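In this note's numbering, the protein residues as written are 42 to 218.
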Ligand SMILES: [Zn+2]
């Protein structure tokens, strides 16, 4: 696993992103992301990284060469050059976040269709705006999920947003946190 101080592969751009962006609770993304000292400041890397999600296990960010405006890359924090290198636990968590991110894109675009068009490039200002919209959509979805769980009497642990935010299957795994 990456820690903030180590990079699995110094030549890997994804490892560089993992090393620069610490996990945060998806239900409450850092405010003021454009401040230079923000944990998700886009300028921590060059080219800029527009973080959409950063958990202890996975990260999602806007593709720097998007095929469409909301082209998101979702990957494990650890160096995984190929999909076959991804562990089953990582794949399970990626799958759960894939579902959340799908809903976030639909929420932000207002379109039920993912493939809404093609773009040649995304400039930094657009990337910043889109990433913020997506982080907020993820946060809203997480909060809605918490409310549903609380209404069903299942939300037990008030002081851990990350645990509550993670899909139920992950909530019992202390090792993830
Ligand atoms: Zn890597």
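A virtual CB, placed ideally from N, CA and C, is assigned to each residue, including glycine.
These numbers were taken from a predicted model, which means no experiment stands behind them.
Cβ distance (whole Å) where residue 112 is taken to contact residue 103 below 8 Å: One-based indexing of the chain shown puts residue 112 at position 71. One-based indexing of the chain shown puts residue 103 at position 62. So it is a contact: roughly 7 Å between Cβ atoms.
Heavy atom of ligand 1 within 7 Å of residue 104 beta-carbon: Position 63 of the chain shown, counted from the start, is the residue given in the question as residue 104. No.
Closer than 7 Å: residue 49 CB and nearest ligand 1 heavy atom: As a position in the chain shown, residue 49 is number 8, starting the count at 1. Remark: the C-beta of residue 49 is in contact range of ligand 1, defined as less than 7 Å to any heavy atom.
Limits of the alpha helix (DSSP H) - the one that residue 58 falls within: Mapped onto the chain shown, residue 58 falls at position 17. For residue 58, the uninterrupted alpha helix (DSSP H) run begins and ends at 54-61, by DSSP.
Candidates 183, 137 and 55, of which the one nearest residue 18 by Cα: As displayed, the chain neither begins before 42 nor continues past 218, which places residue 18 out of reach and without an answer.
Check whether residue 115 and residue 139 have beta carbons under 8 Å apart: Taking the chain shown and counting its residues from 1, the one referred to as residue 115 is at position 74. Taking the chain shown and counting its residues from 1, the one referred to as residue 139 is at position 98. Yes, Cβ-Cβ distance for residue 115 and residue 139 is below 8 Å.
Proximal residues to residue 177 (C-beta, below 8 Å), its chain only, five neighbours per side dropped: As a position in the chain shown, residue 177 is number 136, starting the count at 1. The residues are 70.
Where residue 87 falls: helix, strand or coil (DSSP): Position 46 of the chain shown, counted from the first residue, corresponds to residue 87. DSSP places residue 87 outside both helix and strand once states are collapsed to three, so it counts as coil.
Cβ-based burial, residue 145 [other Cβ within 10 Å; buried from 16]: As a position in the chain shown, residue 145 is number 104, starting the count at 1. Buried, since its Cβ has 16 or more Cβ neighbours within 10 Å.
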